[in-house]
Structure formats: C-alpha cells, structure tokens
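Here the structure comes first, spelled out in structure tokens, and everything after it is commentary.
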Amino acid sequence: MNIVGLEERIGYTFKNKSLLHTALTHSSYSNEVKVKNRAVASNERLEFLGDSVLSLVVSEYLFEHYPDYPEGELTRMRAEVVCERALSKNAREIGLGKYLYLGHGEEQNNGRERKSILADAFEALIAAIYLDGGRMGKNHVRKFLLPLITPELKNMEIHGKTKDYKTALQQLVQQAGGEILEYAVIDESGPDHMKVFTVEARLNSNVIGVGEGNTKREAEQKAAKVALSLFGE
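Quick note, the numbering used here runs 911 ahead of the 1-based positions in the sequence shown.
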C-alpha cells in the first residue's frame, strides 16, 4: 500500500514508517495474519495513547482560545470534537479509510466506512505522529489536528451550541449571594424511547423558567435559558 499519499494529505512524513503501518492496522487484519504465523500488531495500543494525546491537545487549545468560558462549557466543547462522529468525519476528510489494513470480514462489511473503525484509526494516527515526532511530537499533532477541529468549534459558536445556560444562570445567581437555585421535574410523558421531560428552574421556590426536552439535562438547559432572558442575559 502506498502511504506516501496519506503523508501528503496529513502534511507529515514519518521517520519510522512502521509506526504509521501499525496505526493503519485494524485488529481484524492482525488476527488473520497471526493465524498464518505472522506477528502483526494492531492499532489498539496506539488508539489508547492517541485518545489521551487528542484530549490534551484539544484541551490546551480550548483553554488558550476561550479564556472566558467556564469549565463545564469547555468540557462540552471538547466532547463535541473528540466524539466518534467528529473523529470519523476528520478521518474521511483525509481519506484515511482507503489506507487501512482490514481483515477479509471487515473488508466485505464495508469496514472502511464504519465510524468506529475510522475514529479508532484516527486516534491511532495521532499517537503515531506524537511518538514519531519525539520532543516535537505534540507540536506536530497540533499542526495536523487543529485545522481539522477549529471549523467545528467555530460552527458551534455561530449556532450557539457552546452556551451552557445552567452554568451561566448559576454564576448570575451566585453574584447576588444567599439565593437558592434548583431544578424540578414537573412532568414526564411519552414512551420510554421518546420521553419528554418538563423542568422548572426555581429561584427561592419561585419559578423563573420552564423547559422541555428528551432528557432531563436538555430540559434543565432550556429552563435556564428562559430564566436568563428574564435577567436580560
């Protein structure tokens, strides 16, 4: 397999090509060749490391570029760009799927398009870059990763998906001091797979916002949003 094309896509040339080959090797392929008495490592260990490197690089970026955001909001933003959906999307952008080493079964089952396989391979690729780069490994990861995730973060800002209304309301209430903010589920309807929760945001037992959602968290966020509008926020 010609991996030069992948190196060109990611803007990084590996000194140790075996690291890249391992990052591209799915366990299904590794298991098949082991049957033929050839030891080939899968990308699972690299995936483990890549998960942590990914989280660190994204966390540092968010901490540096969103100085006014509270911890809860930074955590939600990070979750959006390190989830399987986002990682598999990034993998598709660089054409990672066509470079993977897959076992016969995964190949037949369209494994090159499976989100879980693509996301895992993307994390393994990050670890491979990190290890190959030595002392500059994290910088190489940042150079490769940040152009892929920053558009997603900007899109979240534009569409208001980064707003943590509960945290914002709590901070507003704390400024007054002595106030008690709580959330109460007042109604629960619909079948188990499509529950609708109605939640009241209460300040000193007074209802200041009501919200509905398919989860309690979503309903609480909507109730907090309504409450913030009362305070002109």
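Note that the Cβ used here is the ideal one computed from N, Cα and C, for glycine as well.
The structure presented is a predicted model; accordingly, all values stated were derived computationally and were not measured.
With DSSP as the reference, please indicate the residues paired to residue i in a beta bridge.
i, result
"T936", "Y1012"
"A1095", "E1111"
"E1004", "BP columns for E1004 are empty, so no partner."
Less than 7 Å between the beta carbons of residue i and residue j, yes or no?
i, j, result
"E1034", "E958", "yes"
"A1130", "F1108", "yes"
"E975", "A1030", "no"
"V968", "R1046", "no"
"N1115", "I1091", "yes"
"G1014", "E943", "yes"
"S953", "S970", "no"
"Q1132", "K1077", "yes"
"L931", "F925", "yes"
What residues in its chain sit with their C-beta under 7 Å from that of residue i, if we drop five residues either side in the sequence?
i, result
"L1057", "Y972"
"K1106", "E1099, N1125"
"Q1081", "L1092"
"K1127", "V1096, F1108, V1110"
Taking 6 Å as the cut-off, is the CB of residue i close to at least one heavy atom of the ligand PLP?
i, result
"D1043", "Summarising the ligand content, the structure contains no ligands, and the ligand PLP is consequently not present."
Who are the near neighbours of residue i in its chain, counting only those whose CB is closer than 8 Å to its CB and skipping five residues on each side?
i, result
"L1141", "I1119, G1120"
"I921", "I1005, L1036, I1040, F1055"
"A1095", "V1110, E1111, R1113"
"K928", "I914"
Pop quiz: residue i and residue j are said to be a contact at Cβ under 8 Å. What is the actual Cβ separation, rounded to whole angstroms?
i, j, result
"D1075", "E984", "4 Å"
"A1079", "A1032", "Not really, about 38 Å apart at Cβ, beyond 8 Å."
"A1038", "V964", "6 Å"
"H937", "Y1012", "6 Å"
Residue i: buried (16+ other C-beta within 10 angstroms of its C-beta) or exposed?
i, result
"D1043", "buried"
"A1138", "buried"
"T933", "buried"
Among residues of its own chain, excluding the 5 on either side of residue i, which ones have a beta-carbon nearer than 6 Å to its beta-carbon?
i, result
"P981", "T1078"
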